[in-house]
Amino acid sequence: MDNIKANNSGFKPEDFKIIGCDNADSDAMARPTITYWQDAWRRLRKNPVAMISLVVLVIVIIMAAVVPIATGWDLYAIDAVNKNQGPSSIHLFGTDSLGRDLFTRVWQGARVSLIVAIACTIIQAVIGCLYGGIMAYFGGIVDDIMMRIIEIVTSVPSLLVNLLMMMVLGNGMGALLVAMCITSWCATARQMRGMIMQLRESEYVLAAETLGASPKRIIIKHLIPNCLGVLILNLATHIPQYIFTESGLSFLGLGLQAPEISLGNLLSAGQEQMMFYPSQLICPSIVLVVIVLAFNLLGDGLRDALDPRLRQ
Amino acid sequence: MLKYTIQRFFAMILTLIIIATATFFLLAAVPGDPLVTKAERLSEEQKERMYAKYGLDKGVLERYIITMKGFFVGDFGESITFPGETVWSIAEAKLPVSARLGIQQMLIGITVGLGLGIIAAMKKGTWADYTIITLSILLISIPHLVFGLLLQYIFAGGVVNILPTIGWPEGDELWFGGWEYTILPTLTGCFSYIASYTRLLKTSMLDVVNQDYVMTAESKGLSNMRIIFKHVLRNSFIPVCTNLPMSVAMCITGSFFIEKIFAIPGIGLYFTSAVQSRDLSIVLGWTVLISAMYIIVVFITDILYTVVDPRIRIRGGKR
């Protein structure tokens, strides 16, 4: 029976030979090992849209840092002769209704908006991580109570809370930071808690523990990279929202108020003048949209780059 | 199921009480006296009566109890800046305006968004897909503040002069009519819905397409159309439903900016001006009312999912 089968398929026992079984290099790495961050950076670099937005962002940040100092125009000094001018080689974006150079003012506004957004993001990250970490660490009743608090804070539309806080604390930079951070940390805290709880129950952490890895090693090798990826993503998506909320509050007259300069103030001043001098509205609008767009597109790229499950 | 609903209902009431309490004490901490400019020229006796009318002569705790009692019997307080206007009279006058704006935005935005999402998912990888997705990212990045201002500029004579850019239909035309006034505000608001729902439905459809039951349907020889409408779409609507309460919140607060830009006499414009003039009782009443509206919407959608999706019902029953 066996012979017939062999003959039918055209193979004879002589056709096969033992070449040996050499397992010596089976556990050697086929490729050089790269860390999570190298891998993420490699994937981000392959994404042209994300890289372009990164370059745009760097340019925007440099402009916001340098332009208000470098142009030499005073931010506040009124020049009655040169008011409401259109864009020219002297005033790149023209001047506003009080004759102040709009190019300088728009970049100063962008600087303020960026500083506010980044400061809020840092506050949000610190509070969110601490809160989420405590929730995940203690669990049980502490976790329950802290979760209820988050549910209550998030059950009010956040703009409402922002407005109330601005009303209580008055207008100013510190008040604005508090008002904007008071609801946003909840999202981070929830995510960090979920991430830590999920990691604690995952098989690979169990495997690492079984292999005798110390808690320190588990925290450094598994907890931080996983959480940091999620955290960075969370923060990257929040920055444009902060910029938007800040300009929105200022536009409603409840954020930073004139003479303070922010993109929201400039927009609101631009709306008053837009019928006759549209450049005063369009210039700050374009800068605002470019900043938000760049952050959003970079955030999209980061989402793909930082997801450990996509790692190949 | 019933037990879950009742539990959720009481949790909702408790949340509202906590929100009202927190708002009350927050506002009690507002520096300054809301009556100080009004009472400046009054005699001592008149002043006393005025403070007594708004209960400001009592201590914080006593005021708190009175306010909370008021909330339970539906008395949300009276305006300090405009005597005679109560939270309810304002609701009667302004709520329809905001509601129409919100409903128009959401109806158009979500319908168009879902339509584009279906196209993007069905034509995955073609130019149609790329165009739709790129446009939706672009649209989501333009804050509706900027979008509204630019639209207003374009249509107020900057480029063309065919639509009114300020105001809102009133009187008989409150709900139907005066459409030309509503076009620009609606357009401003609906783009963010279009953008988010397009992306949401596309992702969720592509998730569902890879499920086993779709493969089963294919192997049964069902037509593509039948698979999409019977199996894929129904299941991919679940995450869309989950997003609806978020949209309602977005609608309430997003309209604040739109109402300010187009000078629409709705709740948002009134609330912001009340905040600016430190009209404490109105701010308190409206904060509680807006939060209540939002929480009730979330509550209803939560209960509705359990009807729509049996998988959630099982989880809900276990709670």
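Protein chains in written order, with the working numbering: chain Z, 1 to 312; chain S, 313 to 631.
Think of the CB as a built atom: it goes at the ideal place given N, C-alpha and C, for glycine as much as any other residue.
These figures come from a predicted structure and were not determined experimentally.
Interface residues of chain S facing residue 244 of chain Z [CB-CB closer than 7 Å]: Translated into positions along the first sequence, residue 244 of chain Z becomes position 244. Near residue 244 of chain Z (Cβ distances below 7 Å), the residues of chain S are 455.
Bridge partner(s) assigned by DSSP for residue 101 of chain Z: Position 101 of the first sequence, counted from the first residue, corresponds to residue 101 of chain Z. Looking at the DSSP assignment, residue 101 of chain Z forms a beta bridge with Z:95.
Min CB distance residue 488 of chain S to chain Z below 9 Å: Residue 488 of chain S sits at position 176 when you count from the first residue of the second sequence. No, no contact with chain Z.
Residue 124 of chain Z at chain S interface by Cβ criterion, 9 Å: Position 124 of the first sequence, counting from 1, holds the residue named residue 124 of chain Z. Cβ-Cβ to chain S under 9 Å: no for residue 124 of chain Z.
Residue range of the alpha helix (DSSP H) that includes residue 491 of chain S: For the purposes of this step, residue 491 of chain S is identified with residue 179 of the second sequence, where counting begins at 1. Its alpha helix (DSSP H) spans residues 491-521.
Secondary structure of residue 317 of chain S, DSSP reduced to three states: What you label residue 317 of chain S is simply residue 5 of the second sequence in a count that begins at 1. Helix.
Member of S:391, S:438 and S:336 whose CA lies at the smallest distance from the CA of residue 372 of chain S: As a position in the second sequence, residue 372 of chain S is number 60, starting the count at 1. Answer by Cα proximity: S:336.
CB contact flag (residue 247 of chain Z, residue 267 of chain Z, <9 Å): If you number the first sequence from 1, residue 247 of chain Z lands on position 247. If you number the first sequence from 1, residue 267 of chain Z lands on position 267. A contact, by the Cβ cut-off of 9 Å.
Residue from S:332, S:520, S:516 and S:465 whose Cα sits closest to the Cα of residue 497 of chain S: Here residue 497 of chain S refers to the residue found at position 185 of the second sequence. Checked all of S:332, S:520, S:516 and S:465; the closest Cα to residue 497 of chain S is S:465.
Spatial distance of residue 262 of chain Z from residue 271 of chain Z (CA atoms): The residue you call residue 262 of chain Z lines up with position 262 of the first sequence. The residue you call residue 271 of chain Z lines up with position 271 of the first sequence. Those two C-alpha atoms are separated by around 14 Å.
Interface partners of residue 94 of chain Z on chain S, CB under 9 Å: One-based indexing of the first sequence puts residue 94 of chain Z at position 94. Going along chain S, no residue has its Cβ under 9 Å from residue 94 of chain Z, so there is no contact; the nearest lies around 15 Å.
Local Cβ density within 10 Å of residue 322 of chain S, reported as buried at 16 or more and exposed below that: Here residue 322 of chain S refers to the residue found at position 10 of the second sequence. Exposed: under 16 other Cβ atoms inside 10 Å.
Cβ-based neighbour list, residue 397 of chain S, same chain, cut-off 6 Å, excluding 5 preceding and 5 following: Indexing the second sequence from 1 puts residue 397 of chain S at position 85. Around residue 397 of chain S: 391.
is_contact[residue 296 of chain Z, chain S] using C-beta, thresh 9 Å: The count along the first sequence starts at 1 and reaches residue 296 of chain Z at position 296. Judged by the 9 Å Cβ criterion, residue 296 of chain Z is in contact with chain S.
Residue 264 of chain Z beta carbon less than 9 Å from that of residue 171 of chain Z: The residue given as residue 171 of chain Z occupies position 171 in the first sequence. The residue given as residue 264 of chain Z occupies position 264 in the first sequence. Cβ atoms of residue 171 of chain Z and residue 264 of chain Z: not closer than 9 Å.
Inter-residue Cα distance where the pair is residue 544 of chain S and residue 510 of chain S: In the second sequence, the residue the question calls residue 544 of chain S occupies position 232. In the second sequence, the residue the question calls residue 510 of chain S occupies position 198. About 15 Å.
For residue 554 of chain S, the nearest candidate out of S:393, S:615, S:580 and S:448 (CA to CA): What you label residue 554 of chain S is simply residue 242 of the second sequence in a count that begins at 1. If we check each option's Cα against that of residue 554 of chain S, S:615 comes out closest.
Alpha helix (DSSP H) runs contained entirely in the segment 414-466 of chain S, provided each spans 4 or more residues: Taking only runs of at least 4 residues, the alpha helix (DSSP H) segments lying wholly in the segment 414-466 of chain S are 439-453 and 456-465.
Cross-chain neighbours of residue 552 of chain S in chain Z, by beta carbon under 7 Å: Within the second sequence, the letter at position 240 stands for residue 552 of chain S. Those do not exist, as residue 552 of chain S stays about 20 Å from chain Z at its closest Cβ, beyond 7 Å.
Near-chain S residues of the segment 273-289 of chain Z - C-beta to any C-beta below 8 Å: Answer set for the segment 273-289 of chain Z: 274, 275, 278, 281, 282, 285, 288 and 289.
N-terminal and C-terminal residue of the alpha helix (DSSP H) that residue 383 of chain S is part of: Here residue 383 of chain S refers to the residue found at position 71 of the second sequence. Taken as a continuous stretch (DSSP letters only), the alpha helix (DSSP H) holding residue 383 of chain S covers 372-384.
Contacts around residue 629 of chain S, its chain only, beta-carbon distance under 7 Å, and the 5 residues preceding and following it disregarded: The residue given as residue 629 of chain S occupies position 317 in the second sequence. Note that residue 629 of chain S has pLDDT 41, beneath the 50 cutoff, so the model's placement of it is unreliable and no number is given.
Buried versus exposed, by CB contacts within 10 Å (16 or more), residue 66 of chain Z: Residue mapping note: residue 66 of chain Z aligns to position 66 of the first sequence, counting from 1. Exposed, since its Cβ has fewer than 16 Cβ neighbours within 10 Å.
Interface flag, residue 300 of chain Z vs chain S, CB-CB below 9 Å: Looking up residue 300 of chain Z in the first sequence gives position 300. Yes, residue 300 of chain Z lies at the interface with chain S (some Cβ there is under 9 Å from its Cβ).
Minimum Cβ-Cβ distance from residue 512 of chain S to chain Z less than 9 Å: Residue mapping note: residue 512 of chain S aligns to position 200 of the second sequence, counting from 1. It does not; no Cβ of chain Z falls within 9 Å.
Assumed close pair residue 196 of chain Z, residue 223 of chain Z - CB separation to whole angstroms, cut-off 8 Å: Position 196 of the first sequence, counted from the first residue, corresponds to residue 196 of chain Z. Position 223 of the first sequence, counted from the first residue, corresponds to residue 223 of chain Z. Confirmed, about 7 Å.
Nearest to residue 365 of chain S (by Cα), restricted to the options S:347, S:522 and S:504: Counting from 1 along the second sequence, the entry for residue 365 of chain S is found at position 53. By alpha-carbon distance to residue 365 of chain S, the top candidate from S:347, S:522 and S:504 is S:347.
Test: residue 431 of chain S CB closer than 9 Å to a CB of chain Z: Within the second sequence, residue 431 of chain S is the residue found at index 119, counting from 1. No, residue 431 of chain S lies away from the interface with chain Z (no Cβ there is under 9 Å from its Cβ).
Three CB pairs or more closer than 8 Å across the segment 184-195 of chain Z and the segment 107-126 of chain Z: yes
Inter-stretch contact at 8 Å, needing at least 3 Cβ pairs: the segment 408-426 of chain S / the segment 504-520 of chain S: yes
Cβ neighbour criterion (16 or more within 10 Å) applied to residue 231 of chain Z: The residue given as residue 231 of chain Z occupies position 231 in the first sequence. With 16 or more other Cβ atoms within 10 Å, it is buried.
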